[in-house]
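Taken in order, the sequence shown gives residues 1 to 295; the numbers are from UniProt numbering. Just so it is clear, CB atoms sit at the ideal spot from N, CA and C, and this is done for glycine as well.
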Amino acid sequence: MGAIQYFRRFMNQYFLLIACLQLWSRITPVSPATTWGPLIIIFIVSASKEAWDDYNRYLSDKKANERKIWLVKDGVRIQIKAQEVHVGDLVWLHENDEIPCDLVLIGTSDRQGICYVETAALDGETDLKTRTIPPISANLSVEQLGKVKGVIECPNPDNDIRRFDANMRLFLPIIDNEKSPLTINNTLLQSCYLRYTEWACGVAVYTGNETKSGISRGAAEPKFTAADVIIDKLTIAIFMFQVVVVLVLGYFGNTWKDTQGLKQWYLMYPMEVEGPCPVWFWPPVTKPKFGSGQS
């Protein structure tokens, strides 16, 4: 989380405001180090945790991108890295393989043209899903699958994992090359696993960040827990209480303050009422979250 994201939280904005006011020696009753020190330490700890999480995500992505997968080109199977798959490539999967990109299924080892996929990583559902090959490729042999040519007309990439409206046309003498409609049941989506099926093959239609799971992930956004929301609301309530106290004290203070004091009444009192929400309150809340992030 960068500095901008870190200070999106009202609690952090509050402490930054107090710390900045304490730099004004004429109005602060305490040393600025009492707030700046803890604030800087907390920021460093939070930034370090985010950097560690980003590094772990980088390692996970690198491992996924560099794993080996099988492609079929001109009837010959070759191995490449998952990150080297391009749209239109024919990907050959074996049982328990992770699907490297969004594919249109065109062949399986099952005589009925079906295969089973585990989609828990995509939608959280543990039940296996059935996927079927489109009728247009139902009678293709393994040899024909390796050399088949055709066109798939797809919609623009989206994150809807329950819908896929497309058309496919294959160019082979033995079949009619009319368009065949495709649905989500004819697809194998990235992050799913092939189960209880010896092999399956499909044409890559979306790769990289354009897959449905890639779009769903999107840019990493900071997540606020329920505790974060409650603490921010309490901080706002405390801040409003402080504003009321400052106004009241300022009103009565005007009766005995000299001219210089009158000019600074609204800056002096926030320092006096900072106690209800001390900066050192945040580390005990952050520590359990940091520990949970390592598990």
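Counting along the chain, I69 sits inside no alpha helix (DSSP H); it lies in the beta strand (DSSP E) bounded by residues 68-73. Annotated three-state conformation of L21 is helix, per DSSP. Residue pairing by DSSP places E98 opposite Y193 in a beta bridge. The beta carbon of I69 is closer than 6 Å to those of A82, P100 in its chain, skipping five residues each way along the sequence.
Between the C-alpha atoms of A120 and P134 there is a straight-line separation of about 24 Å. Taking the Cα positions, V205 is about 16 Å away from E98. DSSP lists E153, P181 as the bridge partner or partners of N167. The DSSP-derived three-state label of I133 is coil. For E118, the enclosing beta strand (DSSP E) begins and ends at 114-118. Comparing alpha-carbon positions, the option among I231, M168, L188 lying closest to P181 turns out to be M168. Buried is the label assigned to A19, since at least 16 other Cβ atoms lie within 10 Å of its Cβ. K149 is not a Cβ neighbour of F164, given a cutoff of 9 Å. By the neighbour-count definition (other C-beta atoms within 10 Å, threshold 16), I41 is an exposed residue.
Membership of V245 in the alpha helix (DSSP H) is indicated by the continuous run 226-253. Beyond the five residues adjoining it in sequence on each side, Q22 comes within less than 6 Å, by CB distance, of T28, P32, T35 in the same chain, given in chain order.
In this structure, N185 keeps its C-beta atom at 9 Å or more from the C-beta atom of T235. No Cβ-Cβ contact shorter than 9 Å links A226 with L93.
When rounded, the separation of the alpha-carbon atoms in I80 and E66 is 9 Å.
The C-beta separation of L122 from L189 comes to about 6 Å, placing the pair in contact by the 8 Å criterion. The residues V85, H86, V87, C101, in chain order, have a CB closer than 7 Å to that of T207 in the same chain once the five nearest residues on each side in sequence are set aside. Across the set L59, F7, A64, the C-alpha of A64 shows the shortest separation from the C-alpha of C192.
Between V229 and L90, the C-beta spacing is not below 9 Å.
Cβ atoms of E118 and P157 stay farther apart than 8 Å, at about 23 Å. Beta-bridge annotation (DSSP): K81 is paired with K68.
Check the Cα spacing between V151 and each of S213, I44, A166: the tightest is with A166. Just so you know, the alpha carbons of I44 and D127 end up roughly 43 Å apart. With contacts defined by Cβ atoms closer than 9 Å, G107 and V76 do not form a contacting pair. Nearest to M11 by C-alpha distance, out of K233, Y251, L249, L247, is K233.
Judged by DSSP in its simplified three-state form, A138 adopts coil rather than helix or strand.
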